[in-house]
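Peer 1: Whatever position you read off the sequence shown (first residue = 1), add 10 for the numbering used here.
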Amino acid sequence: KRHGIDLSRSEFDLFNGRKAHDTLEAWKVKFKLSFDVDTEAKEKVKICDSLLKDVKLFGGVIEILKMLKEKKCKTAIATSAYASTLNLVVKKFKLKKYFDAYVTAEQVKVSKPNPQVYLTAAAKLRVKPSDCVVIEDAVLGVQAGKNAGMRVIAVTNSFPADQLRAADIIVGDLFSAQKFLYSEIEK
C-alpha cells in the first residue's frame with residue numbers, strides 16, 4: 011500500500027512462497043513502480059520480523075516433529091524466508107532440536123516453484139530427492155516439491171484443496187499429515 015498498490019488476496023497468493031526480493035521485483039515490473047528492490051526487501055523483512063510476536067504455530071507442528079525425531083527421520087526447513095526471520099521463529103518456538111538442516115532465501119538463487127530450495131535441503135541432509143517428503147501449504151511450494159522429484163503432502167492451512175491438487179496427498183491439518191507419515195514409515 012505504501013506505493014499506492016492495493017493487492018487483492020488472489021494477487022497476493024500468486025506470490026506466496028517466493029522470496030521477498032523476487033516478489034518485489036515482479037510487482038515493480040507489473041505495476042510500473044520505481045523503488046530499489048533490495049531496500050524494499052530489507053524493509054519487508056523488518057516488518058515481517060516485527061509481526062512474529064503474534065504468530066502461533068499451526069496445530070500439530072510439535073507433534074509431527076517429535077514423531078519424526080523418534081523415528082530417526084532427517085528433517086529440514088526449506089523456506090523462502092530470510093535467515094533472520096527463520097531464526098526468530100526457530101528461537102521463539104524452540105524448534106532447533108527438531109531440525110538437521112535449514113535452507114533460507116539467501117542460499118538459493120531462484121524462488122519456488124523452482125525446486126532449488128528443496129534440492130539444496132536434500133543435499134544438506136545427504137538424502138536422495140526421491141526419498142524426501144515435503145510438507146507444504148502454498149501452491150508454489152507444492153509445485154517446487156514436485157519439481158524436485160519429491161513426494162508432497164499439502165496441508166490446507168493457507169489454500170483450499172483444489173489449488174493444492176498437484177500434491178500427492180492433501181490433508182486438512184498436520185495431525186492428518188502425521189498419521190499418513192507414520193503409516194508410511196511403518197511400512
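A virtual CB, placed ideally from N, CA and C, is assigned to each residue, including glycine.
Source: prediction; values computed, not measured.
1. Just the Cα atoms here: how many angstroms apart are F190 and F41?
2. Within the same chain, show all residues whose beta-carbon is closer than 7 angstroms to that of K8, passing over the 5 residues directly before and after it, in chain order.
3. Can you look up E35 in the DSSP assignment and give me helix, strand or coil?
4. Kindly indicate which three-state DSSP category V113 falls into: helix, strand or coil?
5. With a threshold of 7 angstroms on Cβ separation, who are the neighbours of A111 within its own chain once the five nearest residues in sequence on each side are excluded?
6. Out of D172, V144, D16 and D46, state which residue places its alpha-carbon closest to the alpha-carbon of I74.
7. CA-CA distance, L184 and A148?
Peer 2: With the given structure in hand:
1. Looking at the backbone, the Cα of F190 and that of F41 are separated by about 43 angstroms.
2. Outside the displayed span of the chain (11 to 197) sits residue 8, for which this structure offers no information.
3. In the three-state scheme derived from DSSP, where H, G and I count as helix and E and B as strand, E35 is classed as helix.
4. Residue state, collapsed to three classes: strand.
5. Only A86, A131, K134 and L135 meet the Cβ criterion.
6. Considering only D172, V144, D16 and D46, the residue with the shortest C-alpha distance to I74 is V144.
7. Across the structure, L184 and A148 are spaced so that their CA atoms are roughly 14 angstroms apart.
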